[in-house]
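The block underneath contains the structure these notes are about, expressed in structure tokens.
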Amino acid sequence: MTALYDCGAFIHDGRRLAYELIGPKDGAPVLLMHGILIDSLLNRDLASALAEAGYRVALLDLLGHGRSEKPGRAQELRIDAFGEQAIALLDQLGWSHAVVGGVSLGAITALHAAVRAPERISGLFLEMPVMERAAPAAALMLVPLMVGVRYGAKPWRAWSRMLRRLPTPRQGIWQSVLNTVSQDPDTMAAIIHGVLVGPVVPPLRERLRLAAPTLVIGHAGDWLHNLKDARALSQELPNAEFIVARSPFELRTRPTRLMPDILRFLQRTQHESAVATPSRA
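Residue numbers (the working numbering): 1389 to 1669.
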């Protein structure tokens, strides 16, 4: 079955943010967010699988990414501001609460959203979170890229124009990668600058208060998405479980092994949310 996505946009803090929706309108709500410099297409195939299981999934393009506005100002592109955008989308959709998560940048954005508005979070889905142990690796990888695209903007733009002529890949992950490497270099530099200048993750004392059911997915062999960080995060959060992917691409390219655990987790969030509802009234 071909997934049909409803596209939308709204204004938050004077900036246009784009999103997509898929799945039955009465399905339990899930918000997924992408990694740095990537866009919501990264999560399209996963969202389609969740929609087929009955969930209503929103895919948000964070400010500066995808179809959202690209202000080019680092001070607007901080991760804590991205967390506010996630909550703003819940408001826009009329969702009192949702499972909120994503991959890499999307995962730590979800943590910021949960710290800001824990009552809006029925669960956290944290794939490949970037935590404190990974900070040196992040700087080593991102700073040279920022300098390269800023001072090599002219050849990068020529390269981008050529890439945009390529046929569109069929899988969402490769569409997203193609969009990433063909985007404007000034936008890329501003995003990296904003992510590095602001807080990466909420402080430990704030993370320890997050009681929502949480699924953390880690994988080995990646300095930026350190497996020890992912495991430590799952141990910090009082209501978390932890699974290990075989690679950064497994969930996007070969999801069969991981999907049963993900669906069981989402069912658990629904159950715990239903149990907690009377006490919220």
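Quick reminder that beta carbons are idealized off the backbone N, C-alpha and C, glycines included. These numbers come from a predicted model, not from an experiment.
Quick one: is glutamate 1515 buried, meaning 16 or more other Cβ sit within 10 Å of its Cβ, or exposed? Residue environment analysis places glutamate 1515 among the buried positions, since at least 16 neighbouring C-beta atoms fall within 10 angstroms of its C-beta.
Name the DSSP beta bridge partners of threonine 1644, please? Beta bridge pairing from DSSP links threonine 1644 with no other residue.
Which runs of the beta strand (DSSP E) spanning at least 3 residues fall entirely within the region 1395 to 1425, listed in chain order? List check, beta strand (DSSP E) in window: 1403 to 1410, 1417 to 1421.
Cβ-based neighbour list, serine 1375, same chain, cut-off 6 Å, excluding 5 preceding and 5 following: In the structure as shown, the chain begins at 1389 and stops at 1669. Residue 1375 is therefore absent and cannot be evaluated.
Quick check on DSSP: helix, strand or coil for glutamine 1655? Here glutamine 1655 carries a helix assignment [DSSP, helix/strand/coil].
Under 7 Å between C-beta atoms of alanine 1618 and proline 1524: No, they are not a contact pair.
Closest by CA to alanine 1462, which one among Asp1574, Pro1601, His1659? The shortest C-alpha separation from alanine 1462 is found at Asp1574.
Mind checking who threonine 1602 pairs with in its DSSP beta bridge? Paired residues: Leu1512, Ala1628.
Taking 8 Å as the cut-off, does the region 1434 to 1442 touch the region 1494 to 1506 (at least 3 CB pairs, one atom from each stretch)? These segments do not touch.
Give me whichever residues DSSP pairs with aspartate 1449 in a beta bridge. Within the DSSP secondary-structure output, aspartate 1449 pairs in a beta bridge with Ala1406.
Neighbourhood of isoleucine 1580 by C-beta distance below 7 Å, restricted to the same chain and skipping five residues each side: Taking C-beta separations shorter than 7 Å and ignoring five residues to either side along the sequence, the partners of isoleucine 1580 in its chain run Leu1530, Leu1533, Met1534, following chain order.
Reference arginine 1432, options Val1491, Pro1626, Ile1475, Leu1592, closest by Cα: With distances taken between Cα atoms, arginine 1432 lies closest to Val1491.
Contact set for leucine 1596: own chain, Cβ-Cβ below 7 Å, skip 5 residues either direction: Beyond the five residues adjoining it in sequence on each side, leucine 1596 comes within less than 7 Å, by CB distance, of Glu1624 in the same chain, given in chain order.
Going by C-alpha distance, which of Val1487, Pro1601, Leu1451, Gly1396 is nearest glutamine 1473? The candidate whose alpha carbon is nearest that of glutamine 1473 is Leu1451.
In chain order, what residues of the same chain have a beta carbon less than 8 Å from the beta carbon of glutamine 1561, not counting five sequence neighbours either side? The sequence shown places isoleucine at residue 1561, not glutamine. Leaving aside the five residues that flank isoleucine 1561 on each side, the residues in its chain whose CB is nearer than 8 Å to its CB run, in chain order, Leu1429, Leu1430, Asp1433, Phe1637, Arg1640, Thr1641.
Pull up the distance between the alpha-carbon of methionine 1550 and that of leucine 1566, whole angstroms please. Looking at the two C-alpha atoms, the distance is approximately 11 Å.
Spell out the partners DSSP gives glycine 1489 in its beta bridges. Looking at the DSSP assignment, glycine 1489 forms a beta bridge with Leu1420, Phe1513.
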